[in-house]
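Asks:
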Amino acid sequence: MLLVSDEPVMCTNCAEIIKNSFEFKSTCLNTHNYIVRFVKEKENSKLDLREIYLCRMGCEDIVVSKADNICGFCMSLLKSCPFLSLSNKDEDVTLVYMMLKKMFSTTGM
1 MLLVSDEPVM CTNCAEIIKN SFEFKSTCLN THNYIVRFVK EKENSKLDLR
51 EIYLCRMGCE DIVVSKADNI CGFCMSLLKS CPFLSLSNKD EDVTLVYMML
101 KKMFSTTGM
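The C-terminal position of the sequence shown is numbered 109 in full-length UniProt numbering, with every residue numbered one higher than the one before it.
1) Using the Cβ count rule (16 or more neighbours within 10 Å means buried), how would you classify Ile62?
2) Check this for me: beta carbons of Arg56 and Met75, under 8 Å apart or not?
3) Contact between the segment 39-48 and the segment 17-29: three or more CB pairs below 8 Å?
4) Would you mind reading off the limits of the alpha helix (DSSP H) that contains Lys25?
5) In three-state DSSP terms, what is Ile52?
6) Per DSSP, which one or two residues make a beta bridge with Leu78?
7) Buried or exposed for Ile70, please, with buried defined as at least 16 other CB atoms from any protein chain shown within 10 angstroms of its CB.
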């Protein structure tokens, strides 16, 4: 770390952003590690995040329809939540995708 002051400080806003970034990345890595187990089992088959979500929840009372979406980063069920489709070629999506790629480039994801 570059030392630019004898007594370095950080504002609470930046500290909160770093904390939230760390929590987000940790959640994504945990989800990734969980999904990898299913990838190894289904080598050439297409994975359905709905099936993985149900296994992870371990609850047979949950109903997930084909119309429901699962967040590939945190494994949340998106029944009525707004979501961002990452298959869009929209400028905002491209920016988010580039930031995510950079964020995880050192983790092997």
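All C-beta atoms in this analysis are idealised placements derived from N, C-alpha and C, irrespective of residue type, glycine included.
Replies: Short version:
1) The residue you call residue 62 lines up with position 62 of the sequence shown. Within a 10 Å sphere around the beta-carbon of Ile62 sit fewer than 16 other beta-carbons, which makes this residue exposed.
2) Locating residue 56 in the sequence shown gives position 56, where the first residue counts as 1. Locating residue 75 in the sequence shown gives position 75, where the first residue counts as 1. Taking 8 Å as the Cβ cut-off, Arg56 and Met75 qualify as a contacting pair.
3) Note that the segment 39-48 does not touch the segment 17-29; fewer than 3 beta-carbon pairs, one per stretch, sit closer than 8 Å.
4) One-based indexing of the sequence shown puts residue 25 at position 25. From DSSP, the alpha helix (DSSP H) with Lys25 extends over Thr12 to Glu41.
5) As a working note, residue 52 is residue 52 in the sequence shown. The three-state reading of DSSP puts Ile52 in helix, counting H, G and I together.
6) For the purposes of this step, residue 78 is identified with residue 78 of the sequence shown, where counting begins at 1. DSSP lists Asn69 as partners of Leu78.
7) Counted from its first residue, the sequence shown places residue 70 at position 70. So Ile70 counts as buried.
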